[in-house]
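Input: a single structure, listed below in structure tokens.
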Amino acid sequence: MPVAVQLASRDGRAVHPAASADDPLAVQGLTVSYGEKPALFSIDATVPPGRMAAIIGPNGAGKSTLLKAVLGIVPALSGTVTVFGVPLAKSRHRITYVPQRASVDWDFPTRVIDVVLMGLYRELGLLHLVRRHHREKALACLDRVGMADFAGRQIGQLSGGQQQRVFLARALAQNADLYLLDEPFAGVDAATEKAIIDVLKSLKAEKRTVVCVHHDLATVADYFDHVLLINVRKIAEGPVATTFTADNLQAAYGGRLATAHIDQLKLPVI
Amino acid sequence: MLDPFTSALLLQSGYNTALVAIGAALLGISAGSGGAFLFLRKRALVSDAVAHATLPGVGIAFMVMVALGSDGRNLLGLLLGSALSAGLGLLVVEWITRRTRLAEDAAIGAVLSVFFGFGIVLLTIIQTMARGKQAGLEGFLLGSTAGMLFQDAVIIAIGGACAIAALVLLRRPMTLVAFDPEFAAASGVSVRMVDLAMMGFVMAVTVIGLKIVGLVLIVAMLIIPSVTARFWTDRTERLVGIAGVIGGASGYVGAAISASAPGLPTGPIIVLVCFGSFAASLLLAPNRGVLASILRHRRFQVRVHRRQGLLALARGEPIFDPLTLAVLRRAGLIRKDGVATEAGRAQSAKVLRDERRWEIARQIHQDEAVSGRYDGLTPIEAVLTRDEIAEIDRRIGGPAPVGGVV
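Top to bottom, those sequences are chains Z and X.
For what it's worth, this note's numbering labels the leading residue of the first sequence as 1, then goes sequentially.
For what it's worth, this note's numbering labels the leading residue of the second sequence as 1001, then goes sequentially.
Shown next as structure tokens:
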């Protein structure tokens, strides 16, 4: 395996068996470490186009780290990431990111519309002037997540679910082809969960690709069609129907997932 | 004849005073508005490390200039030296934070004290040197404006203008990085470069401020204006603008005050003026100020007690809470002996009826948009339409006799 990783990183071509140049996301031999102990070890994974993919694994499995490493937010120790067949540096405009809501200070002095306008940063000119069409675009994105009425609000006044929707609107403003979301459904109300999943499904209908770090095993089968199970190493990847199985879950979660709990999940019948 | 303060304020107190006042205002504007980004990035303390790290550079620059045969008092040379050593201090803080498990505050503490200590040692050595005009070098500690020359003011003005131009160009990336560094990085913004630019700005402001405010107090000029501005606005651009205005005004007024009486130090007076605006904002600002928040809390408390008291009246329960009794009595809803007045009976019946209406409303609208707005204090008429209330009343039936206090 290490040989394959080396090859991959040397010529940048996909060596992963299922990978092709059109794949929105392909990682090979991705290893990330915050100290001596790896947070992710030699992950190979591919997300085919137009899928709704879930990254699943126990706490500390490196799910968020995987997204951050793909985006270059945390440095990878080794391995390659290709987005739509080219290195990240050349495809940044096609990828967007929704971080965990708790990662920012919501008392920051800014309004909802200003947060969404941050998604349009790359479109602003040298002096970064916000023009009318930028503002209209931002409002349209807010409307898509049902938050248009809140455009002028101070962000500190939002509920957790509303904050999450604003983050999604900011990502929509980037008009990307690949969406990476870190736990978008964590701690949100039912109305927000519905609003978010509707938007994500509409993205899929537009042939865009969505990858979510997801923690709620009960909704995996309903929401997603592709799944990547990790626990520092990759456990399994593939279509939900063949990959989201009791055996794979047991392998990913070990003793931390009671068998009784697995029985309650809507696992696909093979 | 004008009094000394007014004439200083109107730039009528002589050439030097006018230069200092204008220089201090320019410094205040750039320090205030630039410091706002530092404050938003939650790295205010870095400016303290940068400021203290300038001192060895001043000493070394003096020594080098003396060794080259000048008297060592060239301001541009001294500022260049201070910028180099501040830059070094900054890189050391950055390096420690990135390479070790130490948090930034620990790195700042270490760098600040070591650089400052080394600078003091150098100044002491310089005092014993035979050559050069070392008198006044310690003025960089707390600022000294007595012997300010026109060319010094020009250096400050040019430096301040460049700093503000850099801010205009970098305001969006800096805001982006301050609010959400991860999203900024994912969008392809180099967080490290933006942070370095921000620190470079702090360094520039510190260096040009050495002459007026001194390195110990420059931190106040960077931080207090934006902390003050935060009381008045919830928007980034306004915060930056207000901070610039507060900084500039403090610099100008402070310089005028210190010129109006002999022996008043310029830098510390500017900082005190700046603090005055902070203290006033802390107390008096309309939304985030302390008084406003006390008042808001008190008003809310009264509303809660009024509603609880009216409900208790309607249900015929005894009221013991002295605040509840006081609130009801002041509103003329109960008599001195605690018995409900005419108005009290009417209003308590209404409160009880609204409680029932809400119960029905929650059954009808199970979505949280309506029930989420029920806090027991918002009048039902403000949430539901008249038709909806009529429908609810139809379900409740005719006005039922309100038990208890009849």
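Just so it is clear, CB atoms sit at the ideal spot from N, CA and C, and this is done for glycine as well.
Predicted, not measured: the structure shown is a model, and the values here were computed from it.
{"Asked": "If we count the other Cβ atoms within 10 Å of its Cβ and call it buried at 16 or more, is Gly-1014(X) buried or exposed?", "Found": "exposed"}
{"Asked": "With a threshold of 16 other CB atoms inside 10 Å of the CB of Lys-207(Z), please say whether the residue is buried or exposed.", "Found": "exposed"}
{"Asked": "Identify, in the order they occur along the chain, each residue of the same chain with its Cβ nearer than 8 Å to the Cβ of Val-1050(X), setting aside the five sequence neighbours on each side.", "Found": "Ala-1086, Gly-1089, Leu-1090, Met-1199, Val-1202, Met-1203 and Thr-1206"}
{"Asked": "What runs of the beta strand (DSSP E), each 3 residues or longer, lie entirely inside the segment 23-68 of chain Z?", "Found": "25-33, 38-47 and 52-56"}
{"Asked": "Is it buried or exposed, Asp-1321(X), if we count other Cβ atoms within 10 angstroms and call 16 or more buried?", "Found": "exposed"}
{"Asked": "How about Leu-203(Z) and Val-47(Z): do their beta carbons lie closer than 9 Å?", "Found": "no"}
{"Asked": "Looking at chain X, is there any beta carbon in it that lies within less than 9 Å of the beta carbon of Ser-103(Z)?", "Found": "yes"}
{"Asked": "Give me the chain Z residues within the contact set of Leu-1040(X), using Cβ-Cβ distance strictly less than 8 Å, ordered along the chain.", "Found": "Phe-108 and Pro-109"}
{"Asked": "At a Cβ cut of 7 Å, what residues of the segment 127-149 of chain Z count as close to chain X, listed as they run along the chain?", "Found": "His-128"}
{"Asked": "By DSSP's criteria, Gly-1409(X) is part of a beta bridge. Which residues make up the other side?", "Found": "Any question about residue 1409(X) goes unanswered here, given that chain X covers just 1001 to 1406."}
{"Asked": "Any C-beta of chain Z sitting closer than 9 Å to the C-beta of Leu-1176(X)?", "Found": "yes"}
{"Asked": "Of all the options Ala-1130(X), Gly-1209(X) and Trp-1358(X), which has the alpha carbon lying nearest to the alpha carbon of Gly-1160(X)?", "Found": "Gly-1209(X)"}
{"Asked": "So Thr-209(Z) is in the beta strand (DSSP E); what residue range does that whole segment cover?", "Found": "209-213"}
{"Asked": "For the segment 200-231 of chain Z, enumerate the residues whose C-beta is nearer than 8 Å to any C-beta of chain X, in chain order.", "Found": "none"}
{"Asked": "Between Gln-164(Z) and Thr-192(Z), which are expected to be in contact by the criterion C-beta below 8 Å, what is the C-beta distance as a whole number of angstroms?", "Found": "6 Å"}
{"Asked": "Going by the CB atoms, is the gap between Val-1302(X) and Val-1327(X) shorter than 9 Å?", "Found": "yes"}
{"Asked": "Does DSSP classify Ser-1013(X) as helix, strand or coil?", "Found": "coil"}
{"Asked": "Buried or exposed: Trp-1095(X), going by 16 or more other Cβ atoms within 10 Å of its Cβ?", "Found": "exposed"}
{"Asked": "Taking only the alpha-carbon atoms, compute the straight-line gap between Gly-950(X) and Ser-1070(X) and give it to the nearest angstrom.", "Found": "Missing from the structure shown is residue 950(X); chain X here goes from 1001 to 1406 and no further."}
{"Asked": "Rounded to the nearest angstrom, what separates Ala-241(Z) and Ala-1107(X) at their Cα positions?", "Found": "52 Å"}
{"Asked": "Within 9 Å (strictly less), CB to CB, does Thr-1236(X) reach chain Z?", "Found": "yes"}
{"Asked": "Taking DSSP as the reference, what is the three-state secondary structure of Lys-234(Z)?", "Found": "strand"}
{"Asked": "Closer than 9 Å, Cβ to Cβ, to anything on chain Z: give me those residues from the segment 1180-1208 of chain X, in chain order.", "Found": "Asp-1180, Pro-1181, Glu-1182, Phe-1183, Ala-1184, Ala-1185, Ala-1186, Ser-1187, Gly-1188, Val-1189 and Val-1191"}
{"Asked": "For the beta strand (DSSP E) containing Val-98(Z), list its first residue and its last residue.", "Found": "95-98"}
{"Asked": "Return no unless some Cβ of chain X is closer than 9 Å to the Cβ of Thr-96(Z).", "Found": "yes"}
{"Asked": "Using a C-beta to C-beta distance shorter than 7 Å, which residues of chain X count as neighbours of Tyr-34(Z)?", "Found": "Per Cβ cutoff of 7 Å: no residues; Tyr-34(Z) is ~10 Å from chain X at best."}
{"Asked": "Flag this pair as yes or no: are the beta carbons of Gly-1247(X) and Gly-1028(X) separated by less than 9 Å?", "Found": "yes"}
{"Asked": "Tell me, please, which residues DSSP counts as bridged to Pro-87(Z).", "Found": "Thr-82(Z)"}
{"Asked": "Measuring only between beta-carbons, confirm whether Val-1290(X) sits less than 9 Å from chain Z.", "Found": "no"}
{"Asked": "Are the CB atoms of Ala-1256(X) and Thr-1097(X) nearer to each other than 9 Å?", "Found": "no"}
{"Asked": "Given that Thr-1054(X) touches chain Z, what residues does it touch there, using C-beta distances under 8 Å?", "Found": "None at all; the shortest Cβ gap to chain Z is about 30 Å."}
{"Asked": "Could you confirm whether any beta carbon from chain X is found closer than 9 Å to the beta carbon of Leu-40(Z)?", "Found": "no"}
{"Asked": "What would DSSP say about Gln-1134(X), mapped onto helix, strand or coil?", "Found": "coil"}
{"Asked": "When you compare only the Cα positions, how much space is there between Val-112(Z) and Arg-144(Z)?", "Found": "14 Å"}
{"Asked": "Tell me the start and end of each unbroken alpha helix (DSSP H) in the segment 1020-1105 of chain X that is at least 4 residues and wholly inside, in chain order.", "Found": "1046-1067 and 1075-1099"}
{"Asked": "Please confirm whether Thr-1233(X) has its beta-carbon closer than 9 Å to some beta-carbon of chain Z.", "Found": "yes"}
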